[in-house]
Structure formats: C-alpha cells, structure tokens
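From first to last, the protein sequence lines stand for chains A and B.
Position one of the first sequence corresponds to residue 267 (the numbering used here), numbered consecutively onward.
Position one of the second sequence corresponds to residue 6 (the numbering used here), numbered consecutively onward.
See structure below.
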Amino acid sequence: MRVLVVEDARALAEVIAEGLRDQGMAADIALDGLTAAEKLDLSPYEVVVLDRDLPGLHGDTLCQMITERDDRPMVLMLTAAGAPGDRVTGLTLGADDYLATFPQVRCCRGCFVCPAGGTSSRH
Amino acid sequence: MLVTCRSAAWRGERMRTARLRFTIMYVALFMLSGVALLGLTSFLTIARSTSPVVPAQQQRPDASAARIAELEARLEAVHRDQARQLLGGSAIALAVMGVASVLLGRSVAGRVLRPLRTITAATRRITADNLHERLATPGPGDEVKALADTIDELLERLEQAFAAQRRFVANASHELRTPLATMRASLDVAVAKPGPVPPQTVALAGRLRTELDRVDGLLDGFLTLARIQHGALADREPVSVGALVTEVVSARAADIEAKRLTVRADVRPDAWTRGNAVLLAQMTGNVIDNAITHNVPDGSVRVVAAPEAGTALLAVETGGPPLDPEQVARLGQPFQRLGLERTAGGGTGLGLSIVAAIAAAHGGTLVLRARPEGGLHVAIRLPLIPPASREDEAA
C-alpha cells in the first residue's frame, strides 16, 4: 500500500513515514501542498495523510483537489488545530476521516486495512 | 459578567448622595440670596421709614404743631406697620419659594447628573458584555464629553490588551502542538516496531505518553479558552440542556461504573437555550466530568436540567467531605484546585474555567457553592428560550 504523508513539520512527517514503513507500507513525504500535488500526479497512492495547515496550497484546497481525481485515494486529515467545528469541515471537504491529534500508529494501521468504502471511527 | 447586588446598590447610594448634595447646595444658595434680599429690602425700607420727616416748621402755633406731631407719629406708625407687613410677607414668600426651590433644585441636580449616570450605565454594560462597543457621545465638547471620550480611549486600550493576550495564548499553544505531536508519534512508532521491543522502552514510552497527553489536554484547553473568549459565538441554534445531560451521562457510563457512583438525573424536557451546540456539549461534559473525577468511590452525583425562574438551569451536586467555601468560590479560575496537590485526581485544572467561559459567552452564569452537608454544588444558568421559537426552528 502506498501512502503519501503531507505535513510541513519535517520531523513529524518522518516519524509518521517511519511508523508506516514499519507496518509494511510504502510511505512518501511531501512538505507542502504543491509538492504533494506533483507527487500525486507522478505516482498512484492509495492513502493520503494530510495536514490542514500547509504552506503554499492549503490542506483544505488540496483535499478538494484530491477528491476530484479519478483514482481518488483515501484521505486522512490530521491537524494540530482541533477546533470543534473542524472535524465537520474536514469531512465535508471530502476527507474520509479526521484525526485531531496524531493517533497511535496501531490505529492508523487499523484504519488502512479497512475495506475501501469503510471509514474508521477514532476521534 | 457578574455584578453583585451589593456594589450596584452602593453605587446607587453614591449617586443619590451627589444629587442630594447639589440639591442642598442649590436650596442653601437660594435661601441665602433670599434672606440677603429680604434683609437689604427691609433695611432700605425701614431706614427710609424711620428717618425723621422734615420738621422744618418749628415756628408754628402750638395747636398746629401738636397736630403735625400727631400726624407724624401716625405716619411713623403706619410706616412701621407697613415695614412689618413687608417683612412678614417677604418671609412667607421666602418660605414658600424655599420649598419650591427644593423641588426645583432636585430636578435641576438630576438633570445635571444625568449624563454622568448615562455614561456610568453604558460603560458598565460595555465592559460586561461587549468590549467592541464605545460610548461615542455626541454633543458639545464640554467636560462631560471629555470624560466620555477618555473612557472610550481606555476601553480601546483594554480591548487591544485582551486581544493581544488571547492571540499570544492561541499562537503559543498552536506552536507547541506540532512538536508535541512529533513526540507522541515517535513514542508510538518506537513501541510499535516489529520484533521484540525492550520492556524498558515500553515502560518509558508509556510514562512519557501519559504526561504528553496531559500537556496536549492543557494546550487544548488553552486554545478553547482563547477561542471562546474571543467573542462572537458562531452558529447559534436552540439546544436542549436536558438532551445534552442525557448524552453526557450515558457517554461516561464506564467511568461512573468504575467509581461505583450513584447518579440521579433530574432532566426536564423544556429546558432549552440558544447557543453553540458544540460548546454547550463541551461545557456539560466538563461539569459532569468534574463531578465524576473529583468524587469519592461509592459517591453520589445529582444532575438537574430544568427551567428555573426564566433561566435554563444545569446543576450538578456531588457528595463528599465538606469543602472550604472560599476555595470553592475561586474554582472558576484556571488552575484552581481544592486540596494541596497541583495534579491531584487528574484533570487539567481548566475544566471549570472553560465552563465559566462558555456560560459567560452565552450570556449565562456559573455559581459554585460548598454544600453544608459536604460536597460541591455547581449551578449554570443560561437564558431560557420559550418553546415557540424552538418549534419554529425545528420545523
């Protein structure tokens, strides 16, 4: 399974990628919205882990762009903002789930092995 | 938010004293001028009347002289009578006008003081409700307007200071969350490594994760507080307090069972208020969480959601040992806890201050009381909305 991690804090992105690789997934990193868009064009990804507060292309915009694609990957939004209304906004924009704080990696793995139509329910 | 009855009455008394002072001053001035006028008039009148009538003719024969003397005496008597009458009449007029001046003076004093009363009331309302507003008094550029303008400048500086502080707290908390997320993720990744993980690592990771979760909870609380205090509550809709209580109590069933608490919920269907559903849910959750966390095992919790005297009341009562009323009164402040330990019993110490902030943002109040029979009584009163409006909204 290929995962694209879009997160502007490099250390956090690398930790997440490492965790995903430990679970047997292929993980790539994009540090801003534009790079993420480029990478999505270059190769297919099944899942995108997306931070909302991104420099350049905002996470919300990127999410909408992703959902418009034919080969639409599953989108997990994560952010440090965590305002009560954000979850609804995130899901409305097309994210498949919304992680207000980074969850335990085990949960992430559980999310990914769900069948394509299902969405996980943590947070 | 809360203006105590005591200070409002005291301020009212002070206003009445100023008006009384002005009235007394006015009446005293009037009476003084009146008496002075009276005195002057009598002096001039009487002096003239007692000045001897020119008696030039002393060469008259005796009979005429006697007649003249008699006439002079009578004239003098008449003048004295007139003077006395004038004096008496003036005194009565003065007394009557004195009474009139009391009423006049009181009315004028009230008129003069009214701009001050208006400014005071407006300022009090602005600082209580909405720091965005200004007095913006129109009118001539006199001392009263100068006072009002100075107060406006002060309100402006106040608002900016509060806004700056809130922005800083929000930004700082936001900045802290990313490194925090990295730390927590690192711990999770380390523990989830395939293959055997050394037990020391697991133990260390567990301890660190607990503390980091606590820090995250604190930051979340700071951000919430900053957001609520920022003002404008978006998305107001009719919310049933009773429904919130029922939901929270059932969501916390596991915690309640763990402590073997007895929960009595007195939920009425007609306690509705208008506000932000998410924040109100958080408020209800916090106050019930508080009752569960800071409760003794086998303790009791009583929750009431009902209309009361024009407000929607949400009250939570816990049993337990008697508490210090002074400490209880301070509990609405951030980080105030009963007891000595900073972190006793878990929790961030922000729960009740968030409750207070949400209640205030909705135009409500939070009252904390130590129960005489022991335990804590928390009462949140929110503006009650009549059933008609909620039906319209639901339709």
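All C-beta atoms in this analysis are idealised placements derived from N, C-alpha and C, irrespective of residue type, glycine included.
Requested in this report: For residue 294 (chain A), count neighbouring C-beta atoms within 10 Å of its own C-beta (all shown protein chains included) and say buried if the count is 16 or more, exposed if not.
Outcome: buried
**Report entry** Contact with chain B by residue 315 (chain A), beta-carbon distance below 8 Å
**Finding:** no
**Report entry** Buried versus exposed call for residue 367 (chain B) [16 or more other C-beta atoms within 10 Å across all chains shown]
**Finding:** buried
Query raised in the report: Whole beta strand (DSSP E) runs in the segment 328 to 383 of chain B with 3 or more residues, listed along the chain?
Result: 370 to 375
Query raised in the report: Do residue 273 (chain B) and residue 320 (chain B) have their C-beta atoms within less than 8 Å of each other?
Result: no
**Report entry** Validate contact between the segment 376 to 391 of chain B and the segment 223 to 230 of chain B using beta carbons, cut 8 Å, 3 pairs
**Finding:** no
Report task. Pull up the distance between the alpha-carbon of residue 166 (chain B) and that of residue 305 (chain A), whole angstroms please. Result -> 45 Å
Requested in this report: Let me know if residue 336 (chain A) comes out buried or exposed under the rule of 16 or more other beta-carbons within 10 Å of its beta-carbon.
Outcome: exposed
Query raised in the report: At which residues does the beta strand (DSSP E) containing residue 288 (chain B) begin and terminate?
Result: No beta strand (DSSP E) contains residue 288 (chain B), which is instead part of the alpha helix (DSSP H) from 282 to 298.
Query raised in the report: Whose Cβ in chain A lies nearer than 7 Å to the Cβ of residue 194 (chain B)?
Result: 281, 284, 285, 288, 371
**Report entry** Rounded C-alpha distance that separates residue 332 (chain B) from residue 301 (chain B)
**Finding:** 19 Å
Query raised in the report: According to DSSP, is residue 343 (chain A) helix, strand or coil?
Result: strand
Requested in this report: For residue 337 (chain A), name the three-state secondary structure that DSSP assigns.
Outcome: coil
Query raised in the report: Sorted by chain position, which residues of the same chain lie with C-beta nearer than 6 Å to residue 142 (chain B)'s C-beta, five sequence neighbours on each side aside?
Result: 150, 153
Query raised in the report: Could you give the residue range of the alpha helix (DSSP H) that holds residue 255 (chain B)?
Result: 246 to 256
Requested in this report: Tell whether a beta-carbon distance below 8 Å holds between residue 278 (chain B) and residue 390 (chain B).
Outcome: yes
Query raised in the report: Is the beta carbon of residue 139 (chain B) less than 8 Å from the beta carbon of residue 157 (chain B)?
Result: yes
Query raised in the report: Beta-carbon of residue 243 (chain B) versus every beta-carbon of chain A: anything under 8 Å?
Result: no
Report task. For residue 308 (chain B), count neighbouring Cβ atoms within 10 angstroms of its own Cβ and tell me buried if that reaches 16, exposed if not. Result -> buried
Requested in this report: Throw me the rounded Cβ distance for the residue 268 (chain A) and residue 312 (chain A) pair, which I believe falls under 8 Å.
Outcome: 6 Å
Query raised in the report: What are the boundary residues of the alpha helix (DSSP H) that includes residue 175 (chain B)?
Result: 148 to 196
Query - chain A contacts from the segment 175 to 203 of chain B (Cβ-Cβ distance under 7 Å) - result: 179, 182, 183, 186, 187, 189, 190, 191, 193, 194, 197, 198, 199
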